[in-house]
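Trainee: My questions all concern the structure below.
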């Protein structure tokens, strides 16, 4: 499945070096970088065509924003259905997708993802190969 995606233009989140300080954004703006809601029945194809190249994010579909029925991870304008039934488990899949597809964190969310990486997942930045091996082994 990993071979279907061409993520050559973006790098591993663990190899990302802070070249400059990311711009300050509000929590509402950060949420827009992390997830996008699409009303059930709307054209996913049209949505994907208009998103452009972005770091992985969650696409949430449902009749209303507060009644999400399905979660997808969007990588390179491709949809990956999540097994998740809740936003927390969908975020877990999104976070892990960064490692599986070797893509960097969204620049504006880098501090947030780094906090999650080190505090929630207890991942040291020097153990990239070990993490990928464990994730791939667990999903097999």
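Residue numbers (this note's numbering): 1283 to 1422.
Glycine is no exception: its CB is placed at the ideal position from the N, C-alpha and C atoms.
Relative to the C-alpha of residue 1374, which candidate in 1386, 1388, 1395, 1361 has its C-alpha closest?
Mentor: For this step, residue 1374 is matched to residue 92 along the chain shown. If we check each option's Cα against that of residue 1374, 1395 comes out closest.
Trainee: At which residues does the beta strand (DSSP E) containing residue 1317 begin and terminate?
Mentor: Here residue 1317 is taken as the residue at index 35 of the chain shown, counted from 1. 1317-1321 is the span of the beta strand (DSSP E), which, as asked, contains residue 1317.
Trainee: Under 8 angstroms by Cβ, that's how I've got residue 1340 and residue 1329 pegged, so tell me the actual separation to the nearest angstrom.
Mentor: Stepping through the chain shown from its first residue, residue 1340 is reached at position 58. Stepping through the chain shown from its first residue, residue 1329 is reached at position 47. At roughly 13 angstroms, the Cβ-Cβ gap does not stay under 8 angstroms, so residue 1340 and residue 1329 are not in contact.
Trainee: Which residue comes first and which comes last in the beta strand (DSSP E) that contains residue 1342?
Mentor: Position 60 of the chain shown holds residue 1342. 1339-1346 is the extent of the beta strand (DSSP E) around residue 1342.
Trainee: Quick check on this structure: which residue in 1318, 1323, 1326 has the alpha carbon closest to the alpha carbon of residue 1369?
Mentor: Position 87 of the chain shown, counting from 1, holds the residue named residue 1369. Ranking 1318, 1323, 1326 by Cα distance to residue 1369 puts 1318 first.
Trainee: Between the region 1308-1317 and the region 1336-1354, are three or more C-beta pairs nearer than 8 angstroms?
Mentor: Touching, yes, given that three or more Cβ pairs across the two stretches are closer than 8 angstroms.
Trainee: Do you know how far the Cα of residue 1364 is from the Cα of residue 1405?
Mentor: Sequence index remark: in the chain shown, residue 1405 carries index 123 (1-based). Sequence index remark: in the chain shown, residue 1364 carries index 82 (1-based). Distance between the alpha carbons of residue 1405 and residue 1364 is about 23 angstroms.
Trainee: For residue 1379, I'd like the list of residues in its chain whose CB is within less than 6 angstroms of its CB, leaving aside the five on either flank, ordered along the chain.
Mentor: For this step, residue 1379 is matched to residue 97 along the chain shown. Correct list, in chain order: 1338, 1355.
Trainee: So residue 1304 packs on residue 1392, CB below 8 angstroms; how close in whole Å?
Mentor: Here residue 1304 is taken as the residue at index 22 of the chain shown, counted from 1. Here residue 1392 is taken as the residue at index 110 of the chain shown, counted from 1. Yes, residue 1304 and residue 1392 are in contact; Cβ-Cβ is about 6 angstroms, under 8 angstroms.
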